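K.L.:
Before we start, here is the structure in question, set down as structure tokens.
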């Protein structure tokens, strides 16, 4: 039987990230071809499962029970439609050295047995629990699956060890406890596994960023009076899905007097001459996310708007210059202004404005970089991390603001920016 069919048989080589730091990070074409080695999905799946197993063994837990769809995909390489993201209806068990078990939505489990040959067929189960309470605990599904899970953990010899759970419905936690399981926090175990990306993950993140490069060129051409924020959101969604996005999670489109304070949304506001406007594109390609802001002015810009942009650029450049293996996140956070210095009463009120966060299968992974959390709880930056750095500067006019975000890959000696739409100077769309 081939290794692809025996996911419980992994080798130390499967933990190798296979980085190649020489030269610029490539952004390969999206198709599989015979004349270039692009994304190696078998290597990707085995690396992720190996990282999860390693993190589990380094923890106090003996098993992981996962309801977070990002964790389920990381461990089992299974995915169904985005509608299920918030339903908590699918789950995955990783226990001891056993191959992953996946409980999926009805016929999806049958599909996995037919098409997902890296999984053990008998470990693909049809199952569903509460679906956010719409199937009440009194129906008995939670009790049934909690007992089934406890039995599998006993069979794997892990009954005396805690079970790490990332998140679940309150009633499911209670059912697991009644089945005799000692539940601990499993999300921290999984986040530690997902911190370091291998070469294939980095390539997928780079491809995802390249899609957004193109969307920003379109936005630059389309920004003009008579166009609304939601028009840009619609055009961006269309373009991203045509390029192969599997989930446009959100697009922020903020303009004019809405720029300060940042509302984190979009409306039907019409762009007007002289507006400052910024956008964030959050989408995924094969599960791997982008978070990528750009600021534009429509037609013209004032000196106050230029000044705000220059400051936001200086702040983000200062943080990028610090990124290298061994630097800690408190050092990076200290490169950014205090909340009071740009108009906010405290760091929690300004949280997310001068900010860094890991990117991967989720929008927010480790490390989180913020004056609110990093100064007293620093993390070490490591080779293979991929994260976004973002800054925000209100303008002196009281309503405009500049917002810039760059995605960076931590290399062996520093970092490389993979968000490439030009942002060194304030872009003026359709200049008068």
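Residue numbers (full-length UniProt numbering): 1 to 432.
Ideal Cβ positions, reconstructed from N, Cα and C, are used throughout, including at glycine.
Since we're looking at a predicted model, the values are computed, not measured.
#1: Here's a check: name, in chain order, each residue in its chain whose Cβ is nearer than 7 angstroms to the Cβ of residue 379, leaving out the five neighbours to either side.
#2: Give me the DSSP bridge partner(s) of residue 64.
#3: Among 244, 222, 223, whose alpha-carbon lies nearest the alpha-carbon of residue 209?
#4: Classify residue 291 as helix, strand or coil using the three-state DSSP reduction.
#5: Could you tell me the distance, in whole angstroms, from the CA atom of residue 153 to the CA atom of residue 407?
#6: Compare the C-alpha of residue 280 against each of 394, 113, 263 and name the closest.
#7: Rank 286, 225, 203, 235 by C-alpha distance to the C-alpha of residue 20 and give the top, closest one.
#8: Nearest-angstrom Cα distance between residue 402 and residue 230?
#9: State buried or exposed for residue 309, treating a residue as buried only when at least 16 other CB atoms are found within 10 Å of its CB.
#10: Return the Cβ separation of residue 241 and residue 248 in integer angstroms, given the expectation that the two are a contact with Cβ distance under 8 angstroms.
#11: State the Cα-Cα distance for the pair residue 71 and residue 97, rounded to the nearest angstrom.
#12: Taking Cβ positions, are residue 361 and residue 47 nearer each other than 7 angstroms?
#13: Would residue 89 and residue 128 qualify as a contact pair, given that the criterion is a beta-carbon distance under 7 angstroms?
#14: Which of helix, strand or coil does DSSP assign to residue 152?
#15: Do residue 136 and residue 384 come within 7 angstroms of each other at the CB atom, strictly closer than that value?
#16: For residue 240, report the span of its alpha helix (DSSP H) as first-last.
#17: Taking the beta strand (DSSP E) that residue 417 belongs to, which residues open and close that run?
#18: Tell me where the alpha helix (DSSP H) around residue 41 begins and ends.
#19: So residue 286 and residue 27 are supposed to be a Cβ contact under 8 angstroms. How far apart are they, rounded?
#20: With a threshold of 7 angstroms on Cβ separation, who are the neighbours of residue 372 within its own chain once the five nearest residues in sequence on each side are excluded?
P.N.:
This is what the structure holds:
#1: Taking the chain shown and counting its residues from 1, one reaches residue 379 at position 379. Hits under 7 angstroms: 328, 329, 366, 367.
#2: One-based indexing of the chain shown puts residue 64 at position 64. In the DSSP output, where bridge partners are listed per residue, residue 64 has 94, 164.
#3: The residue labelled residue 209 in the question sits at position 209 within the chain shown. The candidate whose alpha carbon is nearest that of residue 209 is 244.
#4: Against the chain shown, residue 291 aligns to sequence position 291. DSSP places residue 291 in coil when its eight states are reduced to three.
#5: Indexing the chain shown from 1 puts residue 153 at position 153. Indexing the chain shown from 1 puts residue 407 at position 407. Separation of residue 153 and residue 407 (C-alpha to C-alpha, rounded to the nearest whole angstrom) is 40 angstroms.
#6: Against the chain shown, residue 280 aligns to sequence position 280. It is 263.
#7: The residue given as residue 20 occupies position 20 in the chain shown. For residue 20, the closest C-alpha among the options 286, 225, 203, 235 is that of 203.
#8: Residue mapping note: residue 402 aligns to position 402 of the chain shown, counting from 1. Residue mapping note: residue 230 aligns to position 230 of the chain shown, counting from 1. Distance between the alpha carbons of residue 402 and residue 230: 20 angstroms.
#9: As a first step, residue 309 is located in the chain shown; it is residue number 309 there, counting from the start. Per the 10 Å Cβ criterion, buried.
#10: As a working mapping, residue 241 is identified with position 241 in the chain shown. As a working mapping, residue 248 is identified with position 248 in the chain shown. That belief holds up - the Cβ atoms of residue 241 and residue 248 are roughly 7 angstroms apart, short of 8 angstroms.
#11: Within the chain shown, residue 71 is the residue found at index 71, counting from 1. Within the chain shown, residue 97 is the residue found at index 97, counting from 1. Within the model, the alpha-carbon separation for residue 71 versus residue 97 is close to 17 angstroms.
#12: If you number the chain shown from 1, residue 361 lands on position 361. If you number the chain shown from 1, residue 47 lands on position 47. No, they are not a contact pair.
#13: Numbered from 1 along the chain shown, position 89 holds the residue referred to as residue 89. Numbered from 1 along the chain shown, position 128 holds the residue referred to as residue 128. Using a Cβ distance threshold of 7 angstroms, residue 89 and residue 128 count as a contacting pair.
#14: Here residue 152 corresponds to residue number 152 of the chain shown, with the count starting at 1. In this structure, residue 152 counts as helix in the three-state DSSP scheme.
#15: Walking along the chain shown from the start, residue 384 turns up at place 384. Walking along the chain shown from the start, residue 136 turns up at place 136. It is not a contact, given that the beta carbons lie outside the stated cut-off.
#16: Start at 1 with the first residue of the chain shown, and residue 240 comes out as number 240. It spans 229–243 - the alpha helix (DSSP H) in which residue 240 sits, taken as one unbroken run.
#17: What you label residue 417 is simply residue 417 of the chain shown in a count that begins at 1. Residue 417 -> beta strand (DSSP E) spans 415–417.
#18: In the chain shown, the residue the question calls residue 41 occupies position 41. Unbroken alpha helix (DSSP H) run through residue 41: 41–57.
#19: By one-based count along the chain shown, residue 286 stands at place 286. By one-based count along the chain shown, residue 27 stands at place 27. A Cβ-Cβ separation of about 14 angstroms leaves residue 286 out of contact with residue 27 under the 8 angstroms criterion.
#20: The sequence position of residue 372 within the chain shown is 372, counting from 1. Close CB contacts of residue 372 within its chain, under the 7 angstroms cut and outside five residues either way in sequence, are with 347, 348, 351 (chain order).
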